[in-house]
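**Q**
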Amino acid sequence: MAKMGRLERQRAIQGWLFVSPFVVGFLLFFAGPMLFAAFISLNQWPVLGDPTFVGTLNFQNMLSDNLFWKSLKITTIYTLFSVPLGMIAGLALAMLLNQKIRGMALFRTLYYVPAVITGVALALLWWMMFNTEYGLINGALRLFGVDAIPWLTTTNWVLPALIIMSLWQVGGGVVIYLAGLQGIPSELYEAASIDGATGWSRFWHITIPMLSPVLLFNLVLGVIGSFQSFTNALIMTNGGPSQASLFFVLYIYRSAWLYNQMGYAAALSWALFAVILIMVIVIFRVTSARVFYAGGSTRGGF
Amino acid sequence: MASSEVQKQVGDAPLPGNGMTNASPATRTAAFFSDTRVLGILQKIAVYIILIGGLAVVLFPLAWMLSASIKPKSEIFSYPMTWIPSTPLFSNYPKGLAVMQFGRALTNTLLIAIPSVLGQAVSCALVGYGLARFRFPGRDALFILVLATMMLPSQVTLIPTYVIFSRLGLVDTFWPFWLPAWLATSGFNIFLFRQFFMTISPELEDAARIDGAGVFDIFWRIFLPLSKPVIATVVLFSFVFYWNDFFGPLIYLPSTQNKTLQLMLMNFQQFYTTDWGPMMAAMVVIIIPPLLIFFFAQRLFIQGVVFTGVKE
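Heads up: the protein sequence lines correspond to chains X and B, in order. Under this note's numbering, the first residue of the first sequence is numbered 77, with each subsequent residue one higher. Under this note's numbering, the first residue of the second sequence is numbered 273, with each subsequent residue one higher.
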């Protein structure tokens, strides 16, 4: 860097002063804890009392821990279904909501409503909806002559139930797709129509490529969010039946606050970080050739 | 906006209607005109049917909850179900609120939310301003760090942060919420402020500087008054976040006297499972504030979501 003038240096110092809350916050609540987690993971660390250094024992235990692998598998299966299904449903809904018809503003608002509801109320609502005897879902299925499904009480049905539940909130992602759809220049569609492109080929050759940065954004955030699933499993099934809905973060929570093993829980959180990082890198690698940034920028989207 | 053309991609209309294909000869347009119009109307009807049908499915659970919140136990479980109970049981509401110890839980929730929302707004506005309006070595790297924190799952730092607060004796206090809030720990909020401040013309700033205004004056008197929509967005989003927050209170607030609404709602399920009516009533009450915020500030809300998703 070339020598700065007095005024420039003054501006630089002022700039650093303005961003200093983030610098301190980053050190205290992101970087510091990440490093500290690495240290904790090398110890046997009860919540109260003194830690004992155990080296890589927690990581060795983790690799031979059935529940670690099981929770990783459950979370991965859930992600593999809920994220793509949510994206397809969200995009389809966005395209419907992008039509020019009367009352569209009201439709858009109402479809967004489920996404506003989160946390415990959401989990309790669906816990009751999936109730085998009295739940609304089995009640509706009964109208079609389908026998009551034990959604949350059998190992086979619990993940499908949670995946169905996640689809209820696709309206949240729709606003982002809508903005993306509206950013596609209409000339592209006009030109394609003149060339005789049908609706389907226009969808594949214009809509999808033009939306690819938005799709990538929703994919990455969807995967990260899906790996953080916790509240629903804790409240609706508490990881059951027979640990069939033991999501990864729920296992971290149990290790730390039920089994009092902070060291092991810290090792698990590092594993969570590593898994998510690897998945995000893989997603970027696989899609980099296919994501199209209008205007030739390679740094769009994010 | 491209919507009039975009709409065609879902339908199977072979050519765009409304004669918008300027290049096609007038005769061809005329020949297709009646066909595309019929198709257009059919398509619109189909869209309405799908949208209304889908909406029924989407809103059904909420209608069910609202209806059950004024039903006696026997009627919630009756089949076939009724939408409006024969005798509405509004006493489910006071009952549900009492089980939640509503007054204290609400006070705790607000004691966490209000100072934290304020802290997020102030600290993130300062950082966003610094990133947007100053040039200094390391700025771009810092901005990438801000984006990286948005991607980092909070659970990754949860264990060490808890251990630190625990050793400081701050578990079962509200400090674990207040402290990070005042240190600009929301990448999302910083991003919103930064993007907005970037759009403000530098001439305003230059004029004020020539008049001898200090940097903080410029930030406070010129930039903040202009950024009311962003401030509102940040405040609303943060408030809804703290209102719905569950994991934080779950681990940091073990004693009943400090519990928030979300935690008290969870207790319902454990101790009160036999009677759904009061529980549904409590759920309705907890859902209402975020819903009201969404309905009344919809534009801000959706702009906020879209802004982070598409911009930059």
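From the three backbone atoms N, C-alpha and C, an ideal C-beta is built for every residue, glycine too. Everything numeric in this text was worked out from a predicted model, so none of it was measured.
1. Mind checking whether X:Phe303 and X:Leu344 have CB atoms under 8 Å apart?
2. Which same chain residues end up closer than 8 Å to X:Phe368 when comparing Cβ atoms and leaving out the 5 residues on each side of it in sequence?
3. Considering only residues of the same chain and omitting the five flanking positions on each side of X:Gly248, which have a CB-CB separation below 6 Å?
4. Identify the residues that DSSP records as bridge partners of X:Gln120: which are they?
5. Should B:Thr586 and X:Phe105 be called a contact, given that it needs their Cβ atoms to be closer than 8 Å?
6. Which class does B:Val310 belong to by DSSP, given the choice of helix, strand or coil?
7. Helix, strand or coil for X:Asp223 per DSSP?
8. If we cut at 8 Å on Cβ distances, does X:Arg87 have a partner in chain B?
9. Under the three-state reduction of DSSP, which class applies to X:Thr67: helix, strand or coil?
10. Give the secondary structure of X:Asn207 by DSSP, where H, G and I count as helix, E and B as strand, and everything else as coil.
11. Out of B:Ala340, B:Arg376, B:Leu383 and B:Phe349, which has the shortest C-alpha to C-alpha gap to B:Tyr365?
12. Specify the secondary structure class of X:Met80 as computed by DSSP and reduced to three states.
13. Give the straight-line distance between the Cα atoms of X:Thr194 and B:Ser473, rounded to the nearest whole angstrom.
14. Classify B:Lys343 as buried or exposed, calling it buried when 16 or more other Cβ atoms lie within 10 Å of its own Cβ.
15. Can you give me, in chain order, the residues of the segment 373 to 402 of chain B that have a beta carbon less than 7 Å from any beta carbon in chain X?
16. Could you tell me the distance, in whole angstroms, from the CA atom of B:Thr354 to the CA atom of B:Leu338?
17. Thinking just about the alpha-carbon of each residue, which of B:Ile348, B:Gly312 and B:Val330 is nearest to the one in B:Met552?
18. Are the segment 503 to 512 of chain B and the segment 388 to 396 of chain B touching by the rule of at least three beta carbon pairs closer than 8 Å?
19. Identify, in the order they occur along the chain, each residue of the same chain with its Cβ nearer than 6 Å to the Cβ of X:Gln337, setting aside the five sequence neighbours on each side.
20. Short of 7 Å Cβ to Cβ, which residues in the segment 496 to 523 of chain B face chain C?
21. Residues in the segment 456 to 482 of chain B with C-beta within 8 Å of chain X's C-beta atoms, listed in sequence order?
22. Taking beta-carbon pairs under 9 Å, can you tell me which members of the segment 319 to 333 of chain B lie near chain X?
23. Could you pull the start and end residues of the alpha helix (DSSP H) that B:Asp478 belongs to?
24. Among X:Pro236, X:Val356 and X:Leu264, which residue has its Cα nearest to the Cα of X:Phe293?
25. Answer with buried or exposed for X:Ala380, where buried requires no fewer than 16 other C-beta atoms within 10 angstroms of its C-beta.
26. Round the Cβ separation of X:Met110 and B:Thr421 to the nearest angstrom and send it over; I've been treating them as touching at under 8 Å.
27. Nearest by alpha-carbon distance to B:Phe540: which of B:Leu464, B:Gly484 and B:Met372 is it?
28. Express the C-alpha separation of X:Gly275 and X:His281 in angstroms, rounding to a whole number.
29. Run down chain B in chain order and give the residues with a C-beta less than 7 Å from the C-beta of X:Met205.
30. Between X:Gly101, X:Ile150 and X:Leu124, which has its C-alpha nearest X:Leu235's C-alpha?
31. Alpha carbon to alpha carbon, what distance is there between B:Phe511 and B:Ile386?
32. Just to confirm my understanding: we take X:Leu264, look at its own chain, exclude 5 residues before and 5 after, and list those with CB closer than 6 Å. What are they?
33. Buried or exposed, going by whether 16 or more other CB atoms sit within 10 Å of the CB of B:Arg466?
34. Taking DSSP as the reference, what is the three-state secondary structure of B:Trp355?
35. Can you list, in chain order, the residues of its chain with a C-beta nearer than 8 Å to that of B:Tyr514? Leave out the 5 residues immediately preceding and following it.
**A** This is what the structure holds:
1. Taking the first sequence and counting its residues from 1, the one referred to as residue 303 of chain X is at position 227. Taking the first sequence and counting its residues from 1, the one referred to as residue 344 of chain X is at position 268. Result no, Cβ atoms of X:Phe303 and X:Leu344 do not sit closer than 8 Å.
2. Mapped onto the first sequence, residue 368 of chain X falls at position 292. Result list for X:Phe368: Pro285, Met286, Ser288 and Pro289, in chain order.
3. Your numbering for residue 248 of chain X matches position 172 in the first sequence. Answer for X:Gly248: Ala191, listed in chain order.
4. In the first sequence, residue 120 of chain X corresponds to position 44, counting from 1. X:Gln120 is bridged to X:Thr128.
5. Here chain B has residues from 273 to 584 only, and residue 586 of chain B is not among them.
6. One-based indexing of the second sequence puts residue 310 of chain B at position 38. Reduced to three states, the DSSP call for B:Val310 is helix.
7. Locating residue 223 of chain X in the first sequence gives position 147, where the first residue counts as 1. Coil.
8. For the purposes of this step, residue 87 of chain X is identified with residue 11 of the first sequence, where counting begins at 1. Yes, X:Arg87 lies at the interface with chain B (some Cβ there is under 8 Å from its Cβ).
9. Here chain X comprises residues numbered 77 to 378, so residue 67 of chain X is not present and cannot be evaluated.
10. Walking along the first sequence from the start, residue 207 of chain X turns up at place 131. DSSP places X:Asn207 in coil when its eight states are reduced to three.
11. As a first step, residue 365 of chain B is located in the second sequence; it is residue number 93 there, counting from the start. Per the Cα distances, B:Ala340.
12. One-based indexing of the first sequence puts residue 80 of chain X at position 4. The answer is coil: DSSP assigns X:Met80 none of H, G, I, E or B.
13. Locating residue 194 of chain X in the first sequence gives position 118, counting from the first residue. Locating residue 473 of chain B in the second sequence gives position 201, counting from the first residue. Distance between the alpha carbons of X:Thr194 and B:Ser473 is about 39 Å.
14. For the purposes of this step, residue 343 of chain B is taken as the residue at position 71 of the second sequence. Counting Cβ neighbours within 10 Å, B:Lys343 comes out buried, since at least 16 surround it.
15. Ser395, Leu398, Val399, Tyr401 and Gly402
16. On the second sequence, residue 354 of chain B is found 82 positions in, with the first residue counted as 1. On the second sequence, residue 338 of chain B is found 66 positions in, with the first residue counted as 1. For B:Thr354 and B:Leu338, the distance between alpha carbons rounds to 12 Å.
17. Position 280 of the second sequence, counted from the first residue, corresponds to residue 552 of chain B. Among B:Ile348, B:Gly312 and B:Val330, the Cα nearest to that of B:Met552 is on B:Ile348.
18. yes
19. Your numbering for residue 337 of chain X matches position 261 in the first sequence. Excluding positions up to five away in sequence, the list reads Ser331.
20. Chain labels in this structure do not include chain C; the protein chains are X and B.
21. Ala456, Thr457 and Ile462
22. Val319, Tyr320, Ile322, Leu323, Ile324, Gly326, Leu327, Val329, Val330, Leu331, Phe332 and Pro333
23. As a first step, residue 478 of chain B must be located in the second sequence, where it is residue number 206. It spans Pro474 to Ile482 - the alpha helix (DSSP H) in which B:Asp478 sits, taken as one unbroken run.
24. Here residue 293 of chain X is taken as the residue at index 217 of the first sequence, counted from 1. That would be X:Val356, whose Cα lies nearest to the Cα of X:Phe293.
25. The question about residue 380 of chain X has no answer here: the residues shown for chain X are numbered 77 through 378.
26. Stepping through the first sequence from its first residue, residue 110 of chain X is reached at position 34. Stepping through the second sequence from its first residue, residue 421 of chain B is reached at position 149. That belief does not hold up - the Cβ atoms of X:Met110 and B:Thr421 are roughly 11 Å apart, past 8 Å.
27. The sequence position of residue 540 of chain B within the second sequence is 268, counting from 1. Among B:Leu464, B:Gly484 and B:Met372, the Cα nearest to that of B:Phe540 belongs to B:Met372.
28. The count along the first sequence starts at 1 and reaches residue 281 of chain X at position 205. The count along the first sequence starts at 1 and reaches residue 275 of chain X at position 199. Rounded to whole angstroms, X:His281 to X:Gly275 spans 10 Å at the Cα level.
29. Numbered from its first residue, the first sequence carries residue 205 of chain X at position 129. Within chain B, the residues near X:Met205 are Pro333.
30. Numbered from its first residue, the first sequence carries residue 235 of chain X at position 159. Minimum Cα distance to X:Leu235 is reached at X:Ile150.
31. As a first step, residue 386 of chain B is located in the second sequence; it is residue number 114 there, counting from the start. As a first step, residue 511 of chain B is located in the second sequence; it is residue number 239 there, counting from the start. The alpha-carbon atoms of B:Ile386 and B:Phe511 are separated by roughly 8 Å.
32. Numbered from its first residue, the first sequence carries residue 264 of chain X at position 188. Answer for X:Leu264: Ile282, listed in chain order.
33. Numbered from its first residue, the second sequence carries residue 466 of chain B at position 194. B:Arg466 is buried by the Cβ-count criterion.
34. One-based indexing of the second sequence puts residue 355 of chain B at position 83. Residue state, collapsed to three classes: coil.
35. Counting from one through the second sequence, the residue named residue 514 of chain B turns up at place 242. Closer than 8 Å at Cβ, skipping near neighbours: Thr381, Ile384, Ala385, Ser388, Val389 and Phe449.
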